[in-house]
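See structure below.
Numbering (UniProt numbering), first residue to last: 1 to 280.
Here's what the structure looks like:
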């Protein structure tokens with residue numbers, strides 16, 4: 001007969017012959033001097049409750065400290081073997097009955113319980129994956145844009161050529177639906193990082209001759225671009241695509257772009273002049 005036991009100190013479960021148990025089934029004794037592989041080999045080869053393992057005393061051990069014990073085995077034609085043995089080591093098992101399963105039915109019940117729990121966990125994981133997929137699909141759908149509305153509303157109005165057009169756009173996006181269209185339009189401009197996206201959006205929004213009239217927060221007697229509702233649309237578009245970007249990073253990058261607008265305008269005028277010279 002076999003027992004299924006739980007070793008509390010080692011958090012492990014073992015199959016062992018019932019004959020290795022103490023009388024109160026609170027301890028199981030292993031013959032020392034055998035490695036784990038040998039012990040398991042012996043366990044797996046035992047067929048009946050009468051079989052126990054033969055262990056021989058090490059010639060160098062202290063004979064006075066080890067009692068002489070006789071073991072029986074039917075593994076070799078029922079021959080009786082008598083010999084000295086090692087002192088026996090023990091491992092503690094739970095003191096309650098829940099730690100020891102002395103029959104097959106309890107073992108089967110335990111395995112069925114474990115299997116059922118595994119199936120339930122797998123089912124829960126699959127359900128969670130489905131929920132995550134639904135959330136991701138919903139987010140993707142929310143980011144889809146009505147291209148027809150964008151074309152009619154903003155494609156013909158950008159980039160802005162003068163301050164009066166700034167006022168016109170500001171007036172237009174007071175409508176929340178149109179404001180969201182602008183956010184989506186700017187979101188589609190894209191950029192592999194927030195700095196490049198800011199530069200691409202600002203170029204899409206403003207001509208250089210308009211950009212030079214603004215600074216981020218109105219320094220050097222320029223108009224404060226960050227006070228405009230247009231800036232809020234820029235901010236939302238960037239945060240939607242690069243959600244780890246901070247408000248400070250966006251504002252600083254926009255301000256830097258505006259500060260460099262004068263150099264861009266001069267460079268643009270120089271290129272146009274050179275192009276005209278080549279045509280002449």
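Ideal placement from N, C-alpha and C gives every residue a C-beta, glycine not left out.
Item to complete: Rounded to whole angstroms, what's the CA-CA distance from residue 265 to residue 224? Just pull it up for me.
Response: 19 angstroms
Item to complete: Spell out the partners DSSP gives residue 163 in its beta bridges.
Response: DSSP lists no partner for residue 163.
Item to complete: Going by DSSP, name the residue or residues bridged to residue 214.
Response: 223
Item to complete: Would you tell me roughly how many angstroms separate the C-alpha atoms of residue 283 and residue 183, rounded to the nearest one?
Response: Limits of the chain in this structure are 1 at one end and 280 at the other, which puts residue 283 out of reach.
Discussion item. Given a cut-off of 8 angstroms on the beta-carbon distance, is the pair residue 295 and residue 186 in contact?
Written reply: No answer is possible for residue 295: it lies beyond the span of the chain, which begins at 1 and ends at 280.
Worksheet entry | Spatial distance of residue 24 from residue 117 (CA atoms) | 32 angstroms
Practice prompt. Kindly indicate which three-state DSSP category residue 256 falls into: helix, strand or coil?
Written response: helix
Worksheet item: Who are the near neighbours of residue 251 in its chain, counting only those whose CB is closer than 7 angstroms to its CB and skipping five residues on each side?
Response: 216 and 226
Discussion item. Strictly by DSSP, which residues pair up with residue 206?
Written reply: 160
Worksheet entry | Start and end residues, alpha helix (DSSP H) containing residue 176 | 176 to 187
Fill in: Helix, strand or coil at residue 173 according to DSSP, with G and I counted as helix
coil
Worksheet item: Using DSSP with H/G/I as helix, E/B as strand and the rest coil, what is residue 83?
Response: Only weak support is given to the placement of residue 83: the predicted model assigns it a pLDDT of 40, under 50, and the question is left unresolved by the model.
Discussion item. Closer than 8 angstroms is the cut-off here; do at least three beta carbon pairs connect the segment 126 to 137 with the segment 164 to 180?
Written reply: no
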